[in-house]
Amino acid sequence: SRRQSRRHQHRSETCSGGGSSCVLSKLIQLPAPPLSRHQLKKLEEHRYSSAGRSLLEPFMQHYWEWLVACVPAWIAPNLITIVGLAINILTTLVLVYYCPTATEQAPLWVYLSCAVGLFIYQSLDAIDGKQARRTNSSTPLGELFDHGCDSLSTVFVVLGTCIAVQLGTNPDWMFFCCFAGMFMFYCAHWQTYVSGTLRFGIIDVTEVQFFIIIMYLLAAIGGPAFWQFLIPGVNIQIKIIPAILTVAGAIFSCTNYFRVIFTGGVGKNGSTIAGTSVLSPFFHIGSVIVLAVMIYKKSASQLFEKHPCLYVLAFGFVSAKITNKLVVAHMTKSEMYLHDLAYLGPGLLFLDQYFNSFIDEYLVLWVALFLSIFDLVRYSVSVCNQIASHLHIFVFKIKPPNLRPAAASRSGKDVWCHWSGDATDRW
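-7 is the number of the first residue of the sequence shown in the numbering used here; add one for each residue after it.
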């Protein structure tokens, strides 16, 4: 089309004079658009559907409503989300710096900053949808961006929690807690892919986040002696209690998720929203967990025990990538394919072990980490840019009302948002 030719000409002019900026732009963009025309068309038809509300949500609504009223109307919802995510990641990385093996004691201010950082993320994540409705700028990109940030935040939250209680002294427990958190978040969107509705339980993300904030505060106040204290009668350390609660939470949550999944989907003959097998998403997260377990248990150099934080991050970025693909598959009603560059990093670790670690596993772990980060960033940037271009919007700016497409608003109501049940906060 004429618009596409002008856009191509503009890109060519920019690249001819942009130099390094053009090279960087090409580096972090996929060579081909990640979404097909059919997927983009289905994305336009997407209607958000959710059900249920958590225990604390009704009480928090007053705070969230007050907070969003303090935000200037020109600030884009996605900008709110990314700022909260950046703060959460930054505070957790400081904790990782002081406690690389999850056995060390960090300064008091580090735990306090993690508690504050998680509270800020929780607050901003709760009001991004409200800001979108308030400014009449709700789009499918906003929902995708919100869930994408949540998938990455989950990795850092579970890791930070394990570090705070010094769970590195119990590698098996730390491994389980970290990967159980990623698995449960994936399952939440798996059942959404099957049923078409995102369901919130009575104990959900908000409650877990406040529990973790309390754990950060206890780590700051009690120090290392607190988590090592033996509980009389049962003779287990206090640090194991959060791990046991994780087991109970995983059993409870997964029971609810799999009840929905095995009941059958909304597609033809009980298939997913995309008409695929309800079990198909399992192979993606299953591959990540199987590789993680095998590499952990087969490592001759005790890779996970010595470098648990790097290990969790390397596999966590892979988990975030495939979770994002699952969200995209749901919103575009499309099939989710197993082959993915995200598995390259874990695959290198597996091959290195297969050939008796002819390259130091620690070095390969760093390579796997950078590959997983690069792959996630590249995919996320490409998807966001393509959707923003298709919908004629900006990712981090609110388009002026007179420049918005006619489909974006009708009588002041967002045509992409559809509410089901009692969810009052989400996109």
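Even glycine gets a Cβ: it sits at the ideal position worked out from N, Cα and C.
Take every Cβ of the segment 267 to 283, pair it with every Cβ of the segment 200 to 216, and state whether three or more of those distances are shorter than 8 Å.
Short answer: they don't touch.
Short of 6 Å in beta carbon distance, which residues of its chain neighbour residue 186, apart from the five on each side in sequence? Order them along the chain.
As a working note, residue 186 is residue 194 in the sequence shown. Excluding residues within five positions, the ones whose Cβ falls inside 6 Å are 253, 257, 264 and 270.
Flag this pair as yes or no: are the beta carbons of residue 196 and residue 46 separated by less than 7 Å?
Taking the sequence shown and counting its residues from 1, one reaches residue 196 at position 204. Taking the sequence shown and counting its residues from 1, one reaches residue 46 at position 54. Yes; because the gap between Cβ atoms is below 7 Å, this pair is in contact.
Cβ shell of residue 304 (< 6 Å), same chain only, five flanking positions each side left out
Translated into positions along the sequence shown, residue 304 becomes position 312. Once the five neighbours on either side are set aside, the close Cβ partners of residue 304 are 151 and 170.
Below 8 Å on the Cβ atoms is my contact criterion, and I expect residue 165 with residue 232 to pass it. Report the Cβ-Cβ distance as a whole number of Å.
Taking the sequence shown and counting its residues from 1, the one referred to as residue 165 is at position 173. Taking the sequence shown and counting its residues from 1, the one referred to as residue 232 is at position 240. Residue 165 to residue 232, Cβ: 7 Å. Contact.
Report yes if the CB atom of residue 374 is closer than 7 Å to the CB atom of residue 21, and no otherwise.
Against the sequence shown, residue 374 aligns to sequence position 382. Against the sequence shown, residue 21 aligns to sequence position 29. It is a contact, given that the beta carbons lie within the stated cut-off.
Taking the alpha-carbon of residue 359 as reference, which of 307, 346 and 318 has the nearest alpha-carbon?
In the sequence shown, residue 359 corresponds to position 367, counting from 1. For residue 359, the nearest C-alpha among the options comes from 307.
Using the Cβ count rule (16 or more neighbours within 10 Å means buried), how would you classify residue 398?
To locate residue 398, count along the sequence shown from 1; it is residue 406. Per-residue confidence for residue 398 stands at a pLDDT of 46, beneath the threshold of 50, marking its modelled position as unreliable; no derived number is given.
In or out: residue 315 buried (at least 16 other Cβ within 10 Å) or exposed?
Taking the first residue of the sequence shown as 1, we reach residue 315 at position 323. By the neighbour-count criterion, in which 16 or more other beta carbons inside 10 Å mark a residue as buried, residue 315 falls on the buried side.
Identify, in the order they occur along the chain, each residue of the same chain with its Cβ nearer than 8 Å to the Cβ of residue 126, setting aside the five sequence neighbours on each side.
Locating residue 126 in the sequence shown gives position 134, counting from the first residue. Apart from sequence neighbours up to five positions away, the residues of its chain that approach residue 126 with a beta-carbon distance below 8 Å are 60 and 65, ordered along the chain.
CB residue 35 to CB residue 247, shorter than 7 Å?
In the sequence shown, residue 35 corresponds to position 43, counting from 1. In the sequence shown, residue 247 corresponds to position 255, counting from 1. Between residue 35 and residue 247, the gap from beta carbon to beta carbon reaches 7 Å or more.
Is DSSP giving residue 43 helix, strand or coil here?
Walking along the sequence shown from the start, residue 43 turns up at place 51. Looking at residue 43 - three-state DSSP - the assignment turns out to be strand.
Exposure of residue 39, with buried meaning 16 or more beta-carbon neighbours within 10 Å:
Reading the sequence shown from its first residue, position 47 is the one you call residue 39. Within a 10 Å sphere around the beta-carbon of residue 39 sit fewer than 16 other beta-carbons, which makes this residue exposed.
Could you tell me the alpha carbon to alpha carbon distance between residue 153 and residue 68, rounded to whole angstroms?
As a position in the sequence shown, residue 153 is number 161, starting the count at 1. As a position in the sequence shown, residue 68 is number 76, starting the count at 1. Roughly 30 Å separates the two Cα atoms.
According to DSSP, is residue 223 part of a helix, a strand, or is it coil?
Taking the sequence shown and counting its residues from 1, one reaches residue 223 at position 231. DSSP places residue 223 in strand when its eight states are reduced to three.
In the DSSP assignment, find the alpha helix (DSSP H) that holds residue 173 and state where it starts and stops.
Stepping through the sequence shown from its first residue, residue 173 is reached at position 181. Unbroken alpha helix (DSSP H) run through residue 173: 163 to 187.
In the DSSP output, which residue or residues are listed as bridge partners for residue 228?
Counting from 1 along the sequence shown, the entry for residue 228 is found at position 236. DSSP lists 223 as partners of residue 228.
Is the segment 156 to 164 touching the segment 110 to 121 in the sense that three or more CB pairs, one from each, lie closer than 8 Å?
Because the criterion of three Cβ pairs below 8 Å is not met, the segment 110 to 121 and the segment 156 to 164 do not touch.
Once DSSP output is grouped into helix, strand and coil, what is the label at residue 48?
The count along the sequence shown starts at 1 and reaches residue 48 at position 56. Under the three-state reduction of DSSP output, residue 48 falls in the coil class, being neither helix nor strand.
Give me whichever residues DSSP pairs with residue 191 in a beta bridge.
As a first step, residue 191 is located in the sequence shown; it is residue number 199 there, counting from the start. For residue 191, which the question treats as bridged, DSSP gives the partners 43.
Taking the alpha-carbon positions, what's the residue 332 to residue 73 distance?
Taking the first residue of the sequence shown as 1, we reach residue 332 at position 340. Taking the first residue of the sequence shown as 1, we reach residue 73 at position 81. For residue 332 and residue 73, the distance between alpha carbons rounds to 27 Å.
Beta-carbon proximity list for residue 289, same chain, < 8 Å, skipping 5 on both sides:
In the sequence shown, the residue the question calls residue 289 occupies position 297. Within the same chain, no residue comes within 8 Å of residue 289 by CB-CB distance, once the 5 residues on both sides are set aside.
Taking the C-alpha atoms as reference points, what is the distance between residue 296 and residue 201?
Sequence index remark: in the sequence shown, residue 296 carries index 304 (1-based). Sequence index remark: in the sequence shown, residue 201 carries index 209 (1-based). Approximately 26 Å between the Cα atoms of the pair.
Simplified DSSP assignment, three categories, for residue 101
Reading the sequence shown from its first residue, position 109 is the one you call residue 101. If DSSP states are grouped into helix, strand and coil, residue 101 belongs with the helices.
Only counting runs of 3 or more residues, tell me where the beta strand (DSSP E) segments fall wholly within the segment 59 to 84, in order along the chain.
Listed in chain order, there is nothing to give.
Under 7 Å between C-beta atoms of residue 319 and residue 82
By one-based count along the sequence shown, residue 319 stands at place 327. By one-based count along the sequence shown, residue 82 stands at place 90. In this structure, residue 82 does not lie closer than 7 Å to residue 319 by Cβ.
Measuring only the C-alpha atoms, how far is residue 227 from residue 87?
Taking the first residue of the sequence shown as position 1, residue 227 is located at position 235. Taking the first residue of the sequence shown as position 1, residue 87 is located at position 95. Whole-angstrom Cα-Cα distance: 29 Å.
Taking the alpha helix (DSSP H) that residue 142 falls in, what are its first and last residues?
Walking along the sequence shown from the start, residue 142 turns up at place 150. From DSSP, the alpha helix (DSSP H) with residue 142 extends over 132 to 156.
In its own chain, which residues sit with a C-beta less than 6 Å from the C-beta of residue 429, not counting the 5 before and 5 after it?
Nothing about residue 429 can be read from this structure; the chain reaches only from -7 to 419.
Cut-off 6 Å between Cβ atoms - residues of its own chain near residue 211, not counting five sequence neighbours on either side
On the sequence shown, residue 211 is found 219 positions in, with the first residue counted as 1. Hits under 6 Å: 103 and 156.
Boundaries of the alpha helix (DSSP H) in which residue 323 is found, first to last residue:
Here residue 323 corresponds to residue number 331 of the sequence shown, with the count starting at 1. Per DSSP, the unbroken alpha helix (DSSP H) holding residue 323 starts and ends at 300 to 323.
Residue 355 versus residue 340: straight-line alpha-carbon distance, rounded:
Numbered from 1 along the sequence shown, position 363 holds the residue referred to as residue 355. Numbered from 1 along the sequence shown, position 348 holds the residue referred to as residue 340. One C-alpha to the other measures close to 11 Å.
Whole-angstrom distance between residue 96 and residue 158, CA atom to CA atom
One-based indexing of the sequence shown puts residue 158 at position 166. One-based indexing of the sequence shown puts residue 96 at position 104. Their backbone Cα atoms lie some 7 Å apart in a straight line.
In or out: residue 26 buried (at least 16 other Cβ within 10 Å) or exposed?
Looking up residue 26 in the sequence shown gives position 34. So residue 26 counts as buried.
Taking the continuous alpha helix (DSSP H) assigned at residue 37, which residues delimit it?
Here residue 37 corresponds to residue number 45 of the sequence shown, with the count starting at 1. First-last of the alpha helix (DSSP H) with residue 37: 29 to 37.
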